[in-house]
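Its first residue numbered 71, the sequence shown is counted upward by one per residue in my numbering. Cβ atoms here follow ideal geometry from the backbone N, Cα and C, with glycine treated the same way.
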Amino acid sequence: MKKYIVFNYYQEDQLGKIIDLEKKHVHIWIIEWQKISNFLTMYTHCMSTQEQRQLERYSLIEDRMRGKASNILTKYLASRYLKCSVYNVQINRTKYGKPYLVINNKQHLQYNISHSGKYIALAFTYQQTVGIDIEKKRRLSNFNEIAKHFHPSESNAIQQTNDINLFYKVWTAKESYAKALGNGLLMDLKSFEVKNKKIYKNEVKLKSWTLFSSLIDNDYQLSVTVNNQ
């Protein structure tokens, strides 16, 4: 029997709860970082001196706070899932910039993170490659031009409907898949197509990949892509 991926939502008021992460489940945390200032103050100590210094490169205070919140939330949630000290969780990056967890045990906890506007979005799962992207839907006068960098079928659909909501749904879906692979900006967005909650390359469905998309507060588009092999 096929085992389907289960996606579960959590928010900042559930940070203190013990939540078990089952196999074939993806936990999606949608956090309003401005609402957790006390929490961030409480756990600032889990950031290394180097990590705190790296935040200084941001000129805007809001960007520093997003960076701080992203670091602390990642370590805190990973420690809760793995039932270990927050000090045992480190964050490294691949040569392409994809973050990954370094933890003093052999449990294969995977995660990805994105932020836009007031939200930080995190996805956690065991042993499955995952990518997440959230975007605040802004008014873009040139979104049809940007869509020309997508797969021709996607670009045509967006231009024919002139639908900015469809643009954001496709954009975040493609970004989440690229982030799952860890290729980031190096990936050709025309080389694959997203449709019907699946990824297609050369018109062939990649059966091991599952795509989840949702609106958050009607103003944000969220997409999560996971490899369920």
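| Item | Value |
| --- | --- |
| Please list, in chain order, all residues of the same chain as Tyr113 whose beta carbon is under 8 Å from its beta carbon, the five residues on each side excluded. | Ile142, Lys145, Tyr146 and Val156 |
| Just grab the DSSP bridge partners of Leu268 for me. | The residue you asked about is not Leu; residue 268 is Lys in the sequence shown. Paired residue(s): Lys265. |
| Rounded to a whole number of angstroms, what is the C-alpha to C-alpha distance between Ile228 and Leu236? | 6 Å |
| For Ser184, which beta-bridge partners are listed by DSSP? | Ala191 |
| Output the distance between the C-alpha atoms of Met135 and Arg150, rounded to the nearest integer angstrom. | 22 Å |
| Would you kindly work out how many angstroms separate the C-alpha atoms of Leu85 and Lys93, rounded to a whole number? | 20 Å |
| Verify whether the separation of the beta carbon atoms of His219 and Glu263 is less than 7 Å. | no |
| Counting beta carbon pairs with one atom in the region 184 to 202 and one in the region 94 to 103, are three or more of them shorter than 8 Å? | yes |
| Could you tell me whether the Cβ atoms of Gln291 and Thr231 are closer together than 7 Å? | no |
| By how many angstroms is the C-alpha of Gly201 removed from the C-alpha of Asn108? | 28 Å |
| Unbroken alpha helix (DSSP H) runs of length 4 or more, entirely within the region 198 to 242: which are they? | 213 to 216 and 222 to 231 |
| At what residues does the beta strand (DSSP E) containing Leu292 begin and finish? | Tyr290 to Asn297 |
| Confirm, please, whether the CB-CB distance from Ala217 to Ser211 is below 7 Å. | no |
| Buried or exposed for Asn288, going by 16 or more other Cβ atoms inside 10 Å? | exposed |
| Can you tell me where the alpha helix (DSSP H) holding Leu259 begins and where it ends? | Per DSSP, Leu259 belongs to no alpha helix (DSSP H) and is neither H nor E. |
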